[in-house]
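Working notes, structure below.
2 protein chains.
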Amino acid sequence: MAATIKDIARVAGVSTATVSRVINNLGGYNEETEKKVMAVSKELGYRKNENARSLVQKSTNTIGVIMPDVTTAFYGDIIKGIEDTSYEYGYSVILTHAGSHGSRIHESMNLMGERRVDGLIIVSVELHESAIQSLTSLGIPYILISTKTDREDTPYMKVDDYSAAYTAVKYLIEHNHRTIGMAGANPHDPIAGEPRMNGYKQALQDYGIKVDLNLIKSGGFNFESGKSAMQAFIEDEAAVTAVFCASDEVALGIISTCYENEIHVPNDISVVGYDNSKVSHMSVPPLTTVAQPLYDMGREGCFEVIAAIQNKSKIESKVIPHELVVRKSVKTVV
Amino acid sequence: MAATIKDIARVAGVSTATVSRVINNLGGYNEETEKKVMAVSKELGYRKNENARSLVQKSTNTIGVIMPDVTTAFYGDIIKGIEDTSYEYGYSVILTHAGSHGSRIHESMNLMGERRVDGLIIVSVELHESAIQSLTSLGIPYILISTKTDREDTPYMKVDDYSAAYTAVKYLIEHNHRTIGMAGANPHDPIAGEPRMNGYKQALQDYGIKVDLNLIKSGGFNFESGKSAMQAFIEDEAAVTAVFCASDEVALGIISTCYENEIHVPNDISVVGYDNSKVSHMSVPPLTTVAQPLYDMGREGCFEVIAAIQNKSKIESKVIPHELVVRKSVKTVV
DNA sequence: GAGTATTACGTAAACGTTTACGTTACGCAT
DNA sequence: ATGCGTAACGTAAACGTTTACGTAATACTC
């Protein structure tokens with residue numbers, strides 16, 4: 001139905017080669033033919049077929065993005081960074097979810113392979129051996145954002161969760177907190193769970209505070225997990241004066257349950273979050289949190305992938321500096 | 335580099351037609367050849383090339399999604415609905431942002447055209463005449479989610495903003511509020527601004543309350559807009575006992591500024607939001623809001639588009655019922 | 001045992017491009 | 001006049017599939 005290059009060639013009385021040349025303006029034709037071809041092209045409502053193009057050029061100008069199926073503001077920022085950058089460089093992004101707990105990860109990668117994406121960005125999903133194999137077998141540049149593997153050769157871009165957690169807890173200690181809980185990290189998650197928990201523990205130890213495992217309420221990174229953690233603290237009658245959360249949403253869960261129980265933040269209890277996602281501005285009180293520069297990570301990660309595609313260069317792993325954003329959810333204990 | 339159907343054919347000693355047949359299992363071959371072909375296929379690490387496939391089949395099994403470049407939880411839910419459904423039906427989604435105020439809308443559509451997406455979903459971006467033309471000129475099924483045009487023939491799926499707003503304000507009135515502010519809608523936005531404002535006004539009028547234009551603080555749908563609206567109410571010394579917000583984020587802005595000024599929600603002032611996005615659960619207090627079923631809208635919208643692709647049927651516009659979700663941000667005036 | 005269906009393939013064109021290579025015509029220097 | 005360079009094209013193959021059509025062999029019918 002849609003007009004093709006052949007149609008233009010026929011109507012304009014030139015060869016398809018010439019049409020292709022003027023459309024991609026490669027030169028090698030005079031002005032008259034250019035005008036003519038352009039005119040016919042408009043007239044027929046021609047629109048180039050990227051698929052056909054990709055076929056011969058062996059590159060699709062497309063980058064794939066795989067992310068978990070949870071929808072949090074967290075991912076929105078990263079995605080935006082990715083999309084902005086890819087747009088700038090003339091790439092399209094094709095998006096897929098990895099399913100809960102990465103259940104769809106293999107299909108996702110397979111799909112990306114069949115679509116012949118030029119590069120791949122994987123956000124926040126934990127990759128096991130077989131997934132890594134699928135990934136490398138694609139033979140295209142890729143980067144992991146906010147996740148990593150235990151293999152040296154898979155490039156990633158993330159903050160150092162251990163020291164970010166350490167920073168947050170240290171901050172609480174410096175504000176005279178001595179009974180500090182932790183909420184929301186899954187200790188079996190080697191990427192974002194375990195290191196944050198270790199950072200928490202180490203900070204306590206370095207300041208001579210004994211780690212009390214009862215003060216660690218593990219769970220997921222979501223709001224509900226924060227709520228039930230706080231519920232547990234209350235039921236335990238734990239004397240926590242502060243809690244460090246594995247994500248901003250967890251922190252909001254803590255705050256929410258506090259509110260329900262008429263515990264005031266930060267007067268009765270201090271809270272620090274993790275991510276500096278949009279919700280951290282919006283909470284009451286505004287949340288003190290350790291910042292991951294999500295948008296920039298998306299941007300830079302995407303840039304790295306595109307650079308690797310174009311220069312056939314290797315992508316180096318990169319640890320992004322974190323930063324503590326101080327707002328109003330922490331109070332000094334007197 | 336990657337193995338093709340031809341490689342398989344050569345190694346397996348059959349024709350490409352046969353390889354194609356077994357790979358797409360269309361029948362017409364005996365078990366032995368099937369085994370053979372499959373074996374060789376695995377051996378060579380064959381992966382089909384969707385682009386080549388698309389070229390001859392004249393369909394890409396791809397659906398395009400265009401959304402604004404603002405990143406809110408709002409879009410996350412819709413996207414998830416879309417991606418889940420398209421995955422179920424074997425479609426891939428290619429995503430693009432329309433840029434601020436739709437500045438990239440033409441490029442976006444053009445891109446979708448060049449990629450030959452089979453269907454298109456446009457979320458929340460306002461479409462002017464020329465954009466509608468680009469859209470229809472693609473000649474593919476499409477649907478607008480959470481937006482519409484003034485033309486009858488562009489199918490959309492959205493809640494009735496007018497009556498949703500009416501419902502919300504009526505709820506406030508029934509709780510004895512008489513001085514009700516409105517925050518965050520842009521009156522020049524004919525899709526989501528004007529109707530919500532009209533619903534607000536009409537509800538007041540129907541209950542014999544005079545509309546006071548000073549109580550309408552227009553703006554965007556974001557957090558900051560809510561903050562400055564509340565700031566304005568305070569500076570005006572307006573005696574509002576409640577404010578109806580054009581989005582949940584605006585509502586959180588209101589609450590945030592209230593908090594800073596030691597105005598208590600809902601004791602001093604009641605707030606109702608709009609969207610029922612994830613943040614509405616997380617606020618303190620939890621937000622009473624009018625719900626748009628975002629995930630379902632994404633799901634259903636995507637389903638409609640796929641159905642239209644496959645049956646060549648027409649998509650009907652659909653008004654989604656709204657619902658008031660009562661939480662804790664509204665108090666009865668005594 | 002002649003005719004007919006059916007099974008199991010193979011051949012080759014087609015999808016819409018790009019691009020290496022060839023060709024023509026002209027301009028210009030010698 | 002000869003040679004050469006170059007601008008402005010055209011020819012045709014190639015990219016990796018699908019699929020209409022043809023064909024050979026076998027099975028079945030009466």
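So the protein lines, in turn, are chains A and B.
Letter 238 of the first sequence, counting from 1, is numbered 238 in the numbering used here, and no numbers are missing.
Letter 245 of the second sequence, counting from 1, is numbered 579 in the numbering used here, and no numbers are missing.
A virtual CB, placed ideally from N, CA and C, is assigned to each residue, including glycine.
Classify residue i as buried or exposed, calling it buried when 16 or more other Cβ atoms lie within 10 Å of its own Cβ.
{"i": "Lys278 of chain A", "result": "buried"}
{"i": "Asn49 of chain A", "result": "buried"}
{"i": "Asp161 of chain A", "result": "buried"}
{"i": "Thr62 of chain A", "result": "buried"}
{"i": "Ala229 of chain A", "result": "buried"}
{"i": "Asn311 of chain A", "result": "exposed"}
{"i": "Asn610 of chain B", "result": "buried"}
{"i": "Asn364 of chain B", "result": "exposed"}
{"i": "Lys331 of chain A", "result": "buried"}
{"i": "Ala17 of chain A", "result": "exposed"}
{"i": "His177 of chain A", "result": "buried"}
{"i": "Thr622 of chain B", "result": "buried"}
{"i": "Tyr207 of chain A", "result": "exposed"}
{"i": "Asn51 of chain A", "result": "buried"}
{"i": "His322 of chain A", "result": "buried"}
{"i": "Pro141 of chain A", "result": "buried"}
{"i": "Arg449 of chain B", "result": "buried"}
{"i": "Thr470 of chain B", "result": "exposed"}
{"i": "Lys210 of chain A", "result": "exposed"}
{"i": "Ser559 of chain B", "result": "buried"}
{"i": "Asp452 of chain B", "result": "buried"}
From the DSSP output, in three-state form, read off residue i for me.
{"i": "His106 of chain A", "result": "helix"}
{"i": "Ile180 of chain A", "result": "strand"}
{"i": "Glu650 of chain B", "result": "coil"}
{"i": "Ile456 of chain B", "result": "strand"}
{"i": "Glu83 of chain A", "result": "helix"}
{"i": "Ile143 of chain A", "result": "strand"}
{"i": "Phe244 of chain A", "result": "strand"}
{"i": "Ala98 of chain A", "result": "coil"}
{"i": "Tyr425 of chain B", "result": "coil"}
{"i": "Thr72 of chain A", "result": "coil"}
{"i": "Ser468 of chain B", "result": "helix"}
{"i": "Glu596 of chain B", "result": "coil"}
{"i": "Lys58 of chain A", "result": "coil"}
{"i": "Gly447 of chain B", "result": "helix"}
{"i": "Tyr274 of chain A", "result": "strand"}
{"i": "Gly226 of chain A", "result": "helix"}
{"i": "Asn311 of chain A", "result": "helix"}
{"i": "Val333 of chain A", "result": "coil"}
{"i": "Phe221 of chain A", "result": "coil"}
{"i": "Pro195 of chain A", "result": "helix"}
{"i": "Leu506 of chain B", "result": "helix"}
{"i": "Tyr162 of chain A", "result": "helix"}
{"i": "Asn385 of chain B", "result": "helix"}
{"i": "Ala573 of chain B", "result": "coil"}
{"i": "Leu461 of chain B", "result": "coil"}
{"i": "Lys36 of chain A", "result": "helix"}
{"i": "Gly542 of chain B", "result": "coil"}
{"i": "Gly379 of chain B", "result": "coil"}
Throw me the rounded Cβ distance for the residue i and residue j pair, which I believe falls under 8 Å.
{"i": "Leu44 of chain A", "j": "Val11 of chain A", "result": "7 Å"}
{"i": "Thr170 of chain A", "j": "Ala203 of chain A", "result": "Inspection of the sequence shows that residue 170 of chain A is occupied by Lys rather than by Thr. With 8 Å as the limit, Lys170 of chain A and Ala203 of chain A qualify as a contact, their Cβ atoms being about 5 Å apart."}
{"i": "Ser604 of chain B", "j": "Leu506 of chain B", "result": "7 Å"}
{"i": "His272 of chain A", "j": "Cys302 of chain A", "result": "The amino acid at residue 272 of chain A is misidentified as His; the sequence shows Val. With 8 Å as the limit, Val272 of chain A and Cys302 of chain A do not qualify as a contact, their Cβ atoms being about 30 Å apart."}
Per DSSP, residue i is paired with what?
{"i": "Arg550 of chain B", "result": "Here the sequence assigns Ile to residue 550 of chain B, which means Arg is not the residue at that position. In the DSSP output, where bridge partners are listed per residue, Ile550 of chain B has B:Met516."}
{"i": "Asp490 of chain B", "result": "First, the amino acid is wrong: residue 490 of chain B is Tyr here, not Asp. BP columns for Tyr490 of chain B point to B:Leu478."}
{"i": "Leu658 of chain B", "result": "B:Val624"}
{"i": "Gly398 of chain B", "result": "B:Ile428, B:Leu454"}
Please confirm if the segment 96-103 of chain A is in contact with the segment 417-429 of chain B, defined as three or more CB-CB distances below 8 Å between the two stretches.
yes
Contact between the segment 452-460 of chain B and the segment 481-497 of chain B: three or more CB pairs below 8 Å?
yes
Is it true that the segment 130-141 of chain A meets the segment 282-296 of chain A, where meeting means three or more beta-carbon pairs spaced less than 8 Å apart?
no
Sufficient close CB pairs (3 or more, under 8 Å) joining the segment 438-453 of chain B to the segment 101-112 of chain A
no
I'd like to know if the segment 597-604 of chain B and the segment 529-540 of chain B are in contact, where contact means that at least 3 CB-CB pairs between them fall below 8 Å.
no
Does the count of Cβ pairs from the segment 280-289 of chain A and the segment 321-328 of chain A closer than 8 Å reach three?
yes
Are there three or more Cβ pairs, one per stretch, closer than 8 Å when the segment 575-585 of chain B is compared with the segment 217-233 of chain A?
no
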